[in-house]
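Please read the structure below before turning to the comments.
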Amino acid sequence: MTAAIQADGLRKSFKGVDVLRGVTFAVDSGSIFALLGSNGAGKTTTIRILATLLRPDSGTARVNGHDVQAEPALARASFSLTGQFAAVDEVLTGRENLALVARLRHVADPAATAAALLERFSLVDAADRRVGTYSGGMRRRLDIAMSLIGDPPVIFLDEPTTGLDPEARLEVWDAVRGLAARGTTVLLTTQYLDEAEQLADRIAILHEGRILVDGTLADLRAVLPPAEVTYVEKQPTLEDVFLTLVGTRKEAS
Ligand SMILES: Nc1ncnc2c1ncn2[C@@H]1O[C@H](COP(=O)(O)OP(=O)(O)O)[C@@H](O)[C@H]1O
Ligand SMILES: [Mg+2]
1 MTAAIQADGL
11 RKSFKGVDVL
21 RGVTFAVDSG
31 SIFALLGSNG
41 AGKTTTIRIL
51 ATLLRPDSGT
61 ARVNGHDVQA
71 EPALARASFS
81 LTGQFAAVDE
91 VLTGRENLAL
101 VARLRHVADP
111 AATAAALLER
121 FSLVDAADRR
131 VGTYSGGMRR
141 RLDIAMSLIG
151 DPPVIFLDEP
161 TTGLDPEARL
171 EVWDAVRGLA
181 ARGTTVLLTT
191 QYLDEAEQLA
201 DRIAILHEGR
211 ILVDGTLADL
221 RAVLPPAEVT
231 YVEKQPTLED
241 VFLTLVGTRK
251 EAS
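Count the sequence shown with full-length UniProt numbering and you get residues 1 to 253, in order.
Right under this line is the structure:
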């Protein structure tokens with residue numbers, strides 16, 4: 001299995017504060033990898049280094065085989081980055097936003113590209129409305145759709161669902177699963193345990209600039225001793241109740 005993203009011993013400090021203290025991980029091609037950590041853990045710093053926006057003090061990183069420091073242009077051609085705050089233009093419609101980016105990236109048929117992405121991200125009904133009227137989930141989906149123009153093999157999603165309501169999070173999760181199903185490699189950061197658990201093939205826990213553990217959910221569970229078997233009534237979670245009442249989820253089976 002080839003690694004689509006490889007970080008080796010990344011270190012970075014800002015004004016004498018060590019933010020990354022040797023970060024190493026690899027993301028298999030076509031998989032979803034979650035960098036899980038609290039605020040300030042170093043997630044965005046890691047993404048910015050991988051995205052050639054920031055130089056590490058030491059260590060190396062490759063995206064799609066290209067060294068981000070030695071071959072930044074080739075590395076950049078291999079990924080797209082969607083930040084925590086959607087980079088969409090509020091005054092334009094969804095369709096206009098997509099067509100604009102398609103023209104900027106010299107796509108052969110911007111209108112057809114926009115139409116296909118609107119379809120794929122279930123934005124057809126809202127396509128000709130100003131983005132200013134979109135919900136948070138629609139905006140984030142549009143943002144992800146925009147980042148896919150030009151078909152990059154790798155996508156970085158920095159906290160894709162922070163600030164979204166529960167229904168919008170589910171919509172974004174579906175969109176992210178759809179990316180991986182089509183073979184795009186996804187590196188996402190999150191501060192939500194359930195998001196990592198639901199979406200990721202592999203999870204790395206980043207804490208104070210170091211990866212504490214890295215593996216599948218099963219690998220991570222094996223870190224703790226097996227749970228004692230106890231019998232308790234299973235209570236629905238608040239999420240179950242909320243999503244059932246607002247009609248997004250059917251009664252638990
Ligand atoms: N350009 C910068 N200058 C100074 N400190 C920074 C800079 N960028 C990030 N930091 C600090 O580095 C730490 C990690 O930040 P960040 O990577 O944004 O964390 P996360 O995305 O996990 O919340 C924080 O303490 C933050 O204040
Ligand atoms: Mg961040």
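Cβ coordinates follow ideal geometry from the N, Cα and C atoms, glycine included. Keep in mind that this is a model prediction, so the values were computed, not measured.
6 Å Cβ shell around residue i - same chain, five flanking residues per side excluded
i: Leu245; result: none
i: Arg105; result: Ile149, Gly150
i: Ile32; result: Ala180, Val186, Leu199, Ala200, Asp201
i: Pro110; result: Ala99, Ala102, Arg103
i: Leu74; result: His66
Contact set for residue i: own chain, Cβ-Cβ below 8 Å, skip 5 residues either direction
i: Asp158; result: Lys43, Thr44, Ile47, Leu81, Thr82, Gly83, Gln84, Leu188, Thr189
i: His207; result: Gly37, Ser38, Ala41
i: Ile211; result: Val23, Thr24, Phe25, Ala204, Ile205
i: Ser253; result: Residue placement at Ser253 is flagged as unreliable, the pLDDT there being 46, under the threshold of 50; a coordinate-derived value is accordingly withheld.
i: Gly132; result: Glu90, Val91
i: Arg130; result: Glu90, Val91, Leu92, Thr93
i: Arg221; result: none
heavy atom of ligand 2 below 7 Å from residue i C-beta
i: Glu159; result: yes
i: Lys43; result: yes
Chain-order list of residues whose beta-carbon lies under 7 Å from that of residue i (same chain, five-residue window excluded)
i: Arg126; result: Before going further, note that residue 126 is Ala rather than Arg in the sequence given. Once the five neighbours on either side are set aside, the close Cβ partners of Ala126 are Gly94, Tyr134, Met138.
i: Asp57; result: Arg11, Lys12, Ser13
i: Asp128; result: Thr93, Arg95
i: Val172; result: Gly137, Arg140, Arg141, Pro160, Thr161, Leu164
i: Val17; result: none
i: Val124; result: Leu118
Check: residue i C-beta below 7 Å from any heavy atom of ligand 1
i: Gly136; result: no
i: Gly163; result: no
i: residue 255; result: The structure shown does not extend to residue 255, since the chain is modelled only from 1 to 253, so the question has no answer here.
i: Gly9; result: no
i: Val23; result: no
i: Val19; result: yes
i: Gly247; result: no
i: Gly83; result: no
i: Gly40; result: yes
Identified DSSP bridge partners for residue i
i: Phe33; result: Leu187, Arg202
i: Phe121; result: None; Phe121 has no bridge partner.
i: Ser13; result: Asp18
i: Thr211; result: Checking the sequence, you will find Ile at residue 211 rather than Thr. Per DSSP, Leu206.
i: Phe79; result: Val154
i: Gly5; result: Sequence inspection shows Ile at residue 5; the Gly mentioned does not correspond to that position. For Ile5, which the question treats as bridged, DSSP gives the partners Val27, Val63.
Residue environment, residue i, which counts as buried when at least 16 other CB atoms sit within 10 Å
i: Thr2; result: exposed
i: Val186; result: buried
i: Asp143; result: buried
i: Asp6; result: Looking at the sequence itself, residue 6 is Gln, so the reference to Asp does not match. Classification of Gln6: buried, given that the 10 Å Cβ count is 16 or more.
i: Leu224; result: exposed
i: Ser78; result: buried
Residue i CB to nearest heavy atom of ligand 4 below 7 Å
i: Gly37; result: Ligand 4 is not among the ligands present in this structure, which contains only ligand 1 and ligand 2.
Problem - Start-end ranges of the beta strand (DSSP E) lying completely within the stretch 40 to 68, minimum 3 residues - result: Within the stretch 40 to 68, the complete beta strand (DSSP E) runs of at least 3 residues are 58 to 63.
Handout entry: Inside the stretch 99 to 145 only - alpha helix (DSSP H) runs reaching at least 4 residues
Key = Runs of alpha helix (DSSP H) with 4 or more residues, each lying fully within the stretch 99 to 145, are found at 110 to 120, listed in chain order.
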